[in-house]
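Since the structure comes first, as structure tokens, the remarks are kept for the end.
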Amino acid sequence: MAHEDEGAPTPYAPAAPGSVVAYRNATLIDGTGEPARTGITILVDGQVITQVSPDADTEVPDGAAVIDLTGRYVLPGLIDSHQHLATPPNRPVAEAALRRQVYGGVTAIRDMADDLRQIADLTRACLVGEIPGPDIHYAALMAGPGFFDDPRTWQVSQGETPGHVPWMQAIDDHTELPLAVAMARGTHATAIKVYADLPARTVAAITAEAHRQGIDVWAHAAVFPATPAEVVDAGVDAVSHVTLLAQQTAAESLTRYKTKAPIDTAALVRDGHPALDTLYDQMIARGTVLDATASMWTWMAEQADDDAARERALANIDLSIRLTADAFHAGVPVSTGTDYETDPDQPFPSLHEEMLFLWRRCGIPAEQVIRCATLVGAMSMGAADRMGTVEAGKLANLVVLAADPVADLESIRTVEFTVKRGRRYYRADYAQPKGTPA
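So for the sequence shown, our numbering puts the first residue at 58; every next one is plus one.
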């Protein structure tokens with residue numbers, strides 16, 4: 058029997074205040090990396106968790122709905138810290154991806170720069186419940202003028218000029234940064250994404266102005282000519298793509314995004330590099346989140362249309378494994394970003410692949426991978442005060458599994474239902490929309 062109320066004006070609306078639910082007898086894996094707790098009750102009022110306590114110590118309010126989770130495992134809602142939903146814009150494809158994400162346990166994503174005209178509307182539609190999907194936190198992009206001949210910038214600026222729209226701005230020494238940041242904020246962006254072709258002084262200036270105006274800065278781990286160390290030193294909140302950290306070891310100065318310095322990938326995989334150890338220490342001191350996108354190269358190898366591209370991707374898989382494992386074991390907070398989606402006919406979103414890659418290939422323990430996909434994901438989008446762990450006062454974002462993901466992370470695919478802002482999305486109700494374009 059379907060649980061969706063298809064006749065309602067907003068059939069996926071968050072739960073209303075005063076609708077109290079008690080999730081009883083759960084085994085809770087709370088997102089902190091601490092051991093699971095058994096016999097736990099989670100009380101939810103509307104969109105918010107109000108109490109997390111042992112069953113015996115919890116007084117369930119009169120009139121509350123009670124859901125027995127005996128034998129079930131509860132996690133915080135999962136977070137994909139690197140998605141692109143509108144490059145180029147395709148509303149049916151984006152809605153299908155969002156539906157699959159939320160029914161697969163994903164309750165929030167970071168959209169890392171797209172056509173924000175569409176992303177803003179998708180964000181609103183998911184938030185108010187017009188369509189099923191995770192909460193979306195998105196970025197407006199800034200890069201040097203030379204970057205804007207990239208065809209993707211035209212895809213996301215259709216009808217306008219790339220580099221000259223509020224969601225995609227070309228920055229040089231003559232840019233009025235207070236105005237540029239204010240324009241980016243006007244898109245309702247959570248952050249500015251610093252992408253490419255900017256020197257260290259400009260990355261630092263953008264970051265300082267963004268923080269002054271109250272929004273985060275997310276950056277590529279190397280911005281060219283700004284090095285990874287310079288990007289981190291600028292004070293950005295998160296950096297993306299672990300393999301770009303390797304540019305810190307380049308024997309020559311970085312120039313442009315499209316002419317990256319050559320790197321001895323095999324030597325890095327075999328021996329590591331002291332410059333990277335220093336960089337990890339710098340990231341830890343700064344609290345910089347690493348959005349590793351560790352499994353991305355596996356997907357790129359599958360998508361490669363010639364031998365050279367395939368070989369490059371395969372070499373980067375090994376580099377990604379080595380650097381992600383090293384960064385994690387050094388103590389760098391690693392989030393689970395993907396930067397791709399699995400094929401539309403696949404039952405689960407790419408975030409599951411990223412989590413399994415961190416576990417299988419990078420050797421990160423399952424309970425810590427869950428932390429990467431929950432608490433650290435929330436940190437990556439500046440939202441750890443309201444999501445990422447299961448505790449009173451945070452959003453009622455939960456994933457209920459039939460099997461123990463700490464014993465076997467493959468069990469992340471035993472989703473029975475997702476709770477997003479208090480509303481339940483039963484996996485049994487999920488069906489890929491017919492005719493969804495690939």
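Using N, Cα and C, we set each Cβ at its ideal position, and we do this for glycine too.
Inter-stretch contact at 8 Å, needing at least 3 Cβ pairs: the segment 429-446 / the segment 129-137: yes
Nearest-angstrom Cβ-Cβ length linking A165 and R129, presumed shorter than 8 Å: Position 108 of the sequence shown, counted from the start, is the residue given in the question as residue 165. Position 72 of the sequence shown, counted from the start, is the residue given in the question as residue 129. Their Cβ separation, rounded to whole angstroms, is 22 Å, which puts A165 and R129 out of contact at 8 Å.
Close beta carbons around E287, own chain, < 6 Å, minus the five adjacent residues each side: The residue given as residue 287 occupies position 230 in the sequence shown. Here the set comprises A257.
Beta-carbon gap between R379 and V346 smaller than 8 Å: Walking along the sequence shown from the start, residue 379 turns up at place 322. Walking along the sequence shown from the start, residue 346 turns up at place 289. No.
Segment contact flag, the segment 389-409 with the segment 83-101, C-beta cutoff 8 Å, min 3 pairs: Judged by Cβ distances under 8 Å, the segment 389-409 makes no contact with the segment 83-101, as fewer than three pairs qualify.
Buried versus exposed, by CB contacts within 10 Å (16 or more), G434: Mapped onto the sequence shown, residue 434 falls at position 377. Looking at its Cβ environment, which holds 16 or more other Cβ atoms inside 10 Å, G434 is buried.
Check whether Q104 and G450 have beta carbons under 8 Å apart: For the purposes of this step, residue 104 is taken as the residue at position 47 of the sequence shown. For the purposes of this step, residue 450 is taken as the residue at position 393 of the sequence shown. Contact: no.
Whole beta strand (DSSP E) elements within the segment 135-180, 3-residue minimum: The qualifying runs are 135-140, 163-168.
Cα-Cα separation, P74 to G186: Residue 74 sits at position 17 when you count from the first residue of the sequence shown. Residue 186 sits at position 129 when you count from the first residue of the sequence shown. When rounded, the distance between both Cα atoms is 15 Å.
Buried or exposed (CB count within 10 angstroms, at least 16 for buried), R484: Position 427 of the sequence shown, counting from 1, holds the residue named residue 484. With 16 or more Cβ atoms within 10 Å of its Cβ, R484 is classed as buried.
Rounded Cβ spacing between V159 and Y482 (contact assumed at less than 8 Å): Here residue 159 corresponds to residue number 102 of the sequence shown, with the count starting at 1. Here residue 482 corresponds to residue number 425 of the sequence shown, with the count starting at 1. The pair is a contact, with the Cβ atoms about 5 Å apart (cut-off 8 Å).
Span of the alpha helix (DSSP H), counted from its first residue to its last, around A257: For the purposes of this step, residue 257 is identified with residue 200 of the sequence shown, where counting begins at 1. Its alpha helix (DSSP H) spans residues 257-269.
At least 3 beta-carbon pairs within less than 8 Å: the segment 249-256 vs the segment 209-223: no
Contact between the segment 451-465 and the segment 140-152 (3+ Cβ pairs under 8 Å): As far as the Cβ criterion goes, the segment 451-465 does not touch the segment 140-152, which means the pair count is below three.
Backbone secondary structure at P494 - three-state DSSP: Here residue 494 refers to the residue found at position 437 of the sequence shown. With a pLDDT of only 43 at P494, under the threshold of 50, the placement of this residue in the model should not be trusted; the figure read from the coordinates follows. It is coil, neither helix nor strand.
Under the three-state DSSP convention, the category W356 falls into: Taking the first residue of the sequence shown as position 1, residue 356 is located at position 299. Three-state DSSP puts W356 in a helix.
First through last residue of the beta strand (DSSP E) which encompasses V77: The count along the sequence shown starts at 1 and reaches residue 77 at position 20. Start and end: 77-85.
8 Å Cβ cutoff met for I176 and C183: Position 119 of the sequence shown, counting from 1, holds the residue named residue 176. Position 126 of the sequence shown, counting from 1, holds the residue named residue 183. No, the pair does not count as a contact, with Cβ atoms beyond the cut-off.
Host alpha helix (DSSP H) of V296 (start-end): Against the sequence shown, residue 296 aligns to sequence position 239. No alpha helix (DSSP H) contains V296, which is instead part of the beta strand (DSSP E) from 295-297.
Per-residue burial, P235 [other beta carbons within 10 Å of its own, 16 or more giving buried]: Within the sequence shown, the letter at position 178 stands for residue 235. When all chains shown are included, P235 counts as exposed.
Where A365 falls, given that 16 or more other Cβ within 10 Å makes a residue buried: Residue 365 sits at position 308 when you count from the first residue of the sequence shown. It is exposed - the Cβ of A365 has fewer than 16 other Cβ atoms within 10 Å.
Same chain, Cβ closer than 8 Å to V109, five either side skipped, listed in chain order: Within the sequence shown, numbered from 1, the residue matching residue 109 stands at position 52. Within the same chain, and ignoring the five residues on either side of V109 in sequence, the residues whose Cβ sits closer than 8 Å to its Cβ are L85, D87, I97, T98, I99, L100, V447, E448, A449.
Rounded separation between A387 and D334 - CA only: Residue mapping note: residue 387 aligns to position 330 of the sequence shown, counting from 1. Residue mapping note: residue 334 aligns to position 277 of the sequence shown, counting from 1. Spanning the two alpha carbons is a distance of roughly 8 Å.
Neighbourhood of L336 by C-beta distance below 8 Å, restricted to the same chain and skipping five residues each side: As a first step, residue 336 must be located in the sequence shown, where it is residue number 279. Excluding positions up to five away in sequence, the list reads P285, A286, V289, L302, Q305.
Residues that K315 bridges to, as DSSP identifies them: Within the sequence shown, residue 315 is the residue found at index 258, counting from 1. Its beta-bridge partners do not exist; DSSP assigns none.
Which listed residue (A307, G161, G292, P406) has its alpha carbon closest to that of Q504: No statement about residue 504 is possible, as the shown extent of the chain runs from 58 to 495 and does not include it.
Short Cβ contact (8 Å threshold) for G161 with H409: If you number the sequence shown from 1, residue 161 lands on position 104. If you number the sequence shown from 1, residue 409 lands on position 352. Yes, Cβ-Cβ distance for G161 and H409 is below 8 Å.
Alpha-carbon spacing of Q215 relative to H268, whole angstroms: Within the sequence shown, numbered from 1, the residue matching residue 215 stands at position 158. Within the sequence shown, numbered from 1, the residue matching residue 268 stands at position 211. Cα to Cα, Q215 sits roughly 30 Å from H268.
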